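Participant: Protein chains in written order, with my numbering: chain X, 4 to 408; chain B, 476 to 1202.
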């Protein structure tokens, strides 16, 4: 560690040293890992399968079966699951020789290439063009098929062994530990009122919560930064006008607005994300405006102007990076808020019925008030995610606050 | 038929028991009377004995007089001196004789008085005897009376069963029944379309004739005391009950509506007024108008005689005639100031009538609507001026604010409401899993096991069924084999057991399984995915592009068999059903996309026939009529109930024939053939005949069992059956 630290190095050291942040990051890591590798933890398709014609991995094929994982965020998470080992390998290869192009290549390049491979149509043997991410017939090399007819097959299955959207016969509202007759595996966290495995749904529900949190906050931040920066930098009538718009947005009860939009446009998870993003930027915009107003009067801005730099360059290249700290902290709390918002929406029965969100499980718990596992499992998960985000956000705030150090 | 026979046997057994009890009861006063008569007879005997004694005394005296006379003559002969003394003796004797004579007279008078009393008693006894005989005769009489007034409609003679509400105990008229129900969207009896508008009518208004909940196929008197049908079932003449008064609306208290503050008697004109408005094309009631499209004219021959003339002999016109309810002409025929509205503009005015804007409702029924708070509360109070025997509650309240089933259950447990219906999941948790000890445990051997605890529960049959309707205009669903395949892939038993927790019976056609015309020969599609797959292949559907969904070239374009299923939002059972069905269809290469939508959107999309499949339900009536749902003409009309586009010439022909057939066995045969034809076409995937769990607070609401046992299943929740055990 160098003798003299830059402010950001000092903040980072403080951030890493905090117990709360460590706990928060650990919880987040577990939740993210569970969400990313959910298909490998809980799927009916075999991890490895050998029926005499060599070893295959049905679960890998299923990852890009549009009939099994229909939602685009599932594709993103599945791609992430596949590319993460490669990313880590490349990172190890680059060790000690970090440069910005390499970082960008690693963080953006690998998933982008993978996504292109999945989505871009490629010619097929039987004619026509099809992308890899498309529908296939249901997987027959599955746990229940194996149980029904073991034959001479050697296979390795996922630890949980249940498909998140499969409605198992004779398994409605079973207590944790009940064994599923169709697969021979226990429902570790019980089943819901449709005979679906709660644990499998919890893992895949993590994907929804994370998507909602990051995407909705991302949209809100993008709009908020743009409007806040313009408003703060230009001032005058532009500021006056934009701030009135911000006030109008702040006056809107967001949750009620989401309710109206969802009942009008349909209960799709992306509509919910979009509405949350499009309504949640007012606070960010105010924050950015205040910071920009403070920074605009600094000497380095004057110097930049004297050097003849363009407004956009000064705004986004010089002022904005200096405003990022409070924004970053706000974003972490924003993610927690978005997760809670979606849970609330699902809880009152207005979530996406085809998405296994935690709030939807909570709603089932409300309908079946005596089936306690339907309440505490998703409830604890929401609590853990939100608490972890708060711990991290709090750590960030403390790290960048000179007075707290 | 088996059920009907058992019901008949039970009815006969009940009648005999009632008869025996009554005879026993009548024997008691008879015995007392006989004792009285015996006492009187004894008295008479005693008087007669006295009379005989008096006669003996008279005879003795007469004998003594003779002896005395003989002695006198002897004495006259012997001693003249003794003559004077003897004379004095004779005088004395004469006096005695006179006294005896007076005694005899007195006895005669007594005898006459006693005889008169005996006569009076005998007359009284005879009168009482006659009276009792008449009463016994009256009690035995139902057989001869029923032969004419039995409620079975026939031509040319009065047939309405006499008004009878003897099962209601006026001493138990108390308490408030609270339940959950939405308030109707419109309180106008013609314009209101929601289902609970009908419930308001039932409580607060009456019809011409009544179907008793125990015997719904018989008609009894209500607002009409008499009905004659003539001219081959086309002319119905009713005599309207006299002295029936309209409710006085709450706003009549306000000075500007003082003109409403008076008693108005119901007349035949109120019925004519109702039909005039229904038939008025400017009134926004097209669906109601369709019911009366065969009506030629309605006329009031005088204030208490109503005549309905139908254009032709149609079976349903019977129920439509009998079920006619009056509309207050003195309210809806007038403007806000109480002036008569002109006939020409009456219909247009009626659509936005001031009386509806004031949120008022008047009827002639047992309850009057006391308070209307839309979407919050509705309160009915007993009508003090009701013409008939009132029902058992002082008041009935509907709570429209508690809407979520779990909150409703809590309110029931708190005693806030006294009766309620459980959802399948609540039934499982509260009763089957015994989470609420106040509900008795279920017993598979005893369907009435739920009646034992402080909270009682019972499975009740409903008259509705659920279905998934396929839009047969869509090319992918036009092939009958595809619909058969879809039926073979539907795990009906599993869905009833696991989604509806056993509440329901598999439905296979548009007729209730308990209906006498139900076709028992139809065998439901077995759950058989392999057969479903084979049927799809036979119809040309194969997975040619390997994407897991079967496809076929239709009209030059390759189409995947992907079906969007509309279902009501906020129905956990509907969502569960669709997910289970979706997973089963996936295995046969059919894609099902469940789409929960709000009720209004669902109605809109079915009216516009903009859907692939829709999950809905219908209520089944007692009088079968297949025209509304299955008529080929209706398939092409906008906003018709035949949203699936079912077309079948033979069904049209049979449905028309059924409309003009009145004989029960002929109707059965026609209905069965129609069921078979619809079953073969599978325009609907019939899901279940609905059953529900009805719960009531047994500590505060009694007598429900009587209604559940005695009434026809379709009417078993009729509030007329209940009374309170405790205040």
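By construction, the Cβ of each residue, glycine as well, lies at the ideal position given by its N, Cα and C atoms. Every value quoted in this text rests on a predicted model; they were computed, and no experiment measured them.
If I measure Cβ to Cβ from residue 508/B and keep anything under 7 angstroms in the same chain, skipping five residues before and after, which residues do I get?
Facilitator: The residue you call residue 508/B lines up with position 33 of the second chain. Cβ neighbours of residue 508/B beyond the five flanking positions: 600 and 603.
Participant: Considering only their Cβ atoms, is the gap separating residue 820/B from residue 778/B smaller than 9 angstroms?
Facilitator: Taking the first residue of the second chain as 1, we reach residue 778/B at position 303. Taking the first residue of the second chain as 1, we reach residue 820/B at position 345. Not a contact, by the Cβ cut-off of 9 angstroms.
Participant: Could you round the C-beta distance between residue 939/B and residue 1093/B to whole angstroms and report it? I think they count as a contact, below 8 angstroms.
Facilitator: Taking the first residue of the second chain as position 1, residue 939/B is located at position 464. Taking the first residue of the second chain as position 1, residue 1093/B is located at position 618. Confirmed, about 6 angstroms.
Participant: Closer than 8 angstroms between beta carbons: that is the criterion. Which residues of the stretch 659-687 of chain B meet it against chain X?
Facilitator: Listed by position along the chain: nothing, the set is empty.
Participant: Starting from residue 1172/B, follow its DSSP beta bridges and name the residues at the other end.
Facilitator: Translated into the one-based positions of the second chain, residue 1172/B becomes position 697. According to DSSP, which records beta bridges pairwise, residue 1172/B is partnered with 930/B.
Participant: Determine the chain B residues that contact residue 170/X at a beta-carbon separation under 8 angstroms, and present them in chain order.
Facilitator: For this step, residue 170/X is matched to residue 167 along the first chain. The contacting residues are 1051, 1054, 1055 and 1058.
Participant: Do you know whose CA, among 831/B, 634/B, 1164/B and 651/B, lies nearest residue 867/B's CA?
Facilitator: Reading the second chain from its first residue, position 392 is the one you call residue 867/B. Measuring from the Cα of residue 867/B, the nearest candidate turns out to be 651/B.
Participant: DSSP state of residue 1122/B, grouped into three classes?
Facilitator: Here residue 1122/B corresponds to residue number 647 of the second chain, with the count starting at 1. Three-state result, residue 1122/B: coil.
Participant: Is the stretch 1051-1069 of chain B in contact with the stretch 1098-1107 of chain B, if contact means three or more CB pairs nearer than 8 angstroms?
Facilitator: Too few Cβ pairs lie closer than 8 angstroms, so no.
Participant: Compare the C-alpha of residue 964/B against each of 998/B, 1002/B, 948/B and 1037/B and name the closest.
Facilitator: As a position in the second chain, residue 964/B is number 489, starting the count at 1. For the residues 998/B, 1002/B, 948/B and 1037/B, the minimum Cα distance to residue 964/B belongs to 1002/B.
Participant: Using Cβ-Cβ distances below 8 angstroms, what residues of the stretch 1023-1037 of chain B are close to chain X?
Facilitator: Cβ contacts with chain X come from 1023 and 1024.
Participant: Quick check on residue 552/B: does DSSP put it in helix, strand or coil?
Facilitator: Taking the second chain and counting its residues from 1, the one referred to as residue 552/B is at position 77. In this structure, residue 552/B counts as helix in the three-state DSSP scheme.
Participant: Pairing CB atoms from the stretch 223-239 of chain X with CB atoms from the stretch 258-274 of chain X, are three or more of them under 8 angstroms?
Facilitator: No, the stretch 223-239 of chain X does not touch the stretch 258-274 of chain X.
Participant: List the residues of chain X that residue 1062/B touches, going by C-beta distances under 9 angstroms, in chain order.
Facilitator: What you label residue 1062/B is simply residue 587 of the second chain in a count that begins at 1. Simply 141.
Participant: For the beta strand (DSSP E) that contains residue 402/X, what are its first and last residues?
Facilitator: For this step, residue 402/X is matched to residue 399 along the first chain. Residue 402/X -> not in any beta strand (DSSP E); alpha helix (DSSP H) instead, spanning 376-403.
Participant: Assuming residue 1068/B contacts residue 1037/B (C-beta within less than 8 angstroms), just tell me the rounded distance between them.
Facilitator: Counting from one through the second chain, the residue named residue 1068/B turns up at place 593. Counting from one through the second chain, the residue named residue 1037/B turns up at place 562. At roughly 7 angstroms, the Cβ-Cβ gap stays under 8 angstroms, so residue 1068/B and residue 1037/B are in contact.
Participant: Looking at residue 1022/B and residue 70/X, is the spacing between their C-beta atoms short of 9 angstroms?
Facilitator: As a working mapping, residue 70/X is identified with position 67 in the first chain. As a working mapping, residue 1022/B is identified with position 547 in the second chain. Yes. Within cutoff.
Participant: Report the partner residues of residue 941/B according to the DSSP bridge assignment.
Facilitator: If you number the second chain from 1, residue 941/B lands on position 466. 1092/B and 1163/B.
Participant: What three-state label does DSSP hand residue 701/B in the structure shown?
Facilitator: Here residue 701/B refers to the residue found at position 226 of the second chain. The answer is strand: DSSP assigns residue 701/B an E or B state.
Participant: In whole angstroms, what separates the C-alpha of residue 486/B from that of residue 860/B?
Facilitator: As a first step, residue 486/B is located in the second chain; it is residue number 11 there, counting from the start. As a first step, residue 860/B is located in the second chain; it is residue number 385 there, counting from the start. Those two C-alpha atoms are separated by around 33 angstroms.
Participant: Less than 8 angstroms between the CB atoms is what I'm expecting for residue 653/B and residue 874/B, so what's the real figure, rounded?
Facilitator: Counting from one through the second chain, the residue named residue 653/B turns up at place 178. Counting from one through the second chain, the residue named residue 874/B turns up at place 399. That pair is a contact at about 6 angstroms.
Participant: So who's on the other strand from residue 696/B, going by DSSP bridges?
Facilitator: Within the second chain, the letter at position 221 stands for residue 696/B. In DSSP, residue 696/B forms a bridge with 684/B.
Participant: Nearest to residue 437/X by alpha carbon, out of 41/X, 190/X, 104/X and 124/X?
Facilitator: Any question about residue 437/X goes unanswered here, given that chain X covers just 4 to 408.
Participant: Looking only at its chain, what residues have a beta carbon closer than 6 angstroms to the beta carbon of residue 404/X, apart from the 5 residues adjacent to it on each side?
Facilitator: Working through the first chain from its first residue, we reach residue 404/X at position 401. None.
Participant: Output yes if chain X places a C-beta closer than 9 angstroms to the C-beta of residue 501/B; else output no.
Facilitator: Against the second chain, residue 501/B aligns to sequence position 26. Reliability fails at residue 501/B, whose pLDDT of 47 lies under 50, so the model's placement of it is uncertain and no value is given.
Participant: Would you tell me roughly how many angstroms separate the C-alpha atoms of residue 385/X and residue 207/X, rounded to the nearest one?
Facilitator: Sequence index remark: in the first chain, residue 385/X carries index 382 (1-based). Sequence index remark: in the first chain, residue 207/X carries index 204 (1-based). Rounded to the nearest angstrom, the two C-alpha atoms are 13 angstroms apart.
Participant: Measuring CB to CB, does residue 280/X end up less than 9 angstroms from residue 358/X?
Facilitator: Within the first chain, numbered from 1, the residue matching residue 280/X stands at position 277. Within the first chain, numbered from 1, the residue matching residue 358/X stands at position 355. Not in contact: residue 280/X and residue 358/X (Cβ atoms no closer than 9 angstroms).
Participant: Anything in the stretch 367-395 of chain X with a Cβ closer than 8 angstroms to a Cβ of chain B? List those residues in chain order, please.
Facilitator: From the stretch 367-395 of chain X, only 367, 369, 370, 371, 372, 373 and 374 have a Cβ closer than 8 angstroms to chain B.
Participant: Nearest chain X C-beta to residue 485/B closer than 9 angstroms, yes or no?
Facilitator: Your numbering for residue 485/B matches position 10 in the second chain. It does not; no Cβ of chain X falls within 9 angstroms.
Participant: What residue range does the beta strand (DSSP E) around residue 1071/B cover?
Facilitator: Counting from one through the second chain, the residue named residue 1071/B turns up at place 596. 1066-1072 is the span of the beta strand (DSSP E), which, as asked, contains residue 1071/B.
Participant: What does DSSP give as the partner residues of residue 182/X in its beta bridges?
Facilitator: Locating residue 182/X in the first chain gives position 179, counting from the first residue. Answer is 189/X, bridged to residue 182/X.
Participant: My assumption, with CB atoms under 8 angstroms, is that residue 118/X sits in contact with residue 82/X. Please give the rounded CB distance.
Facilitator: In the first chain, the residue the question calls residue 118/X occupies position 115. In the first chain, the residue the question calls residue 82/X occupies position 79. So it is a contact: roughly 6 angstroms between Cβ atoms.
Participant: Does the beta-carbon of residue 900/B have 16 or more other beta-carbons within 10 angstroms, so that it is buried, or is it exposed?
Facilitator: Numbered from 1 along the second chain, position 425 holds the residue referred to as residue 900/B. It is buried - the Cβ of residue 900/B has at least 16 other Cβ atoms within 10 Å.
Participant: Looking at residue 841/B: is its Cβ nearer than 9 angstroms to the Cβ of residue 635/B?
Facilitator: Locating residue 841/B in the second chain gives position 366, counting from the first residue. Locating residue 635/B in the second chain gives position 160, counting from the first residue. No, the pair does not count as a contact, with Cβ atoms beyond the cut-off.
Participant: Whole angstroms is fine: what's the gap from residue 1165/B's alpha carbon to residue 345/X's?
Facilitator: On the second chain, residue 1165/B is found 690 positions in, with the first residue counted as 1. On the first chain, residue 345/X is found 342 positions in, with the first residue counted as 1. Their backbone Cα atoms lie some 34 angstroms apart in a straight line.
Participant: Is the CB-CB distance between residue 158/X and residue 172/X below 9 angstroms?
Facilitator: Position 155 of the first chain holds residue 158/X. Position 169 of the first chain holds residue 172/X. Contact: no.
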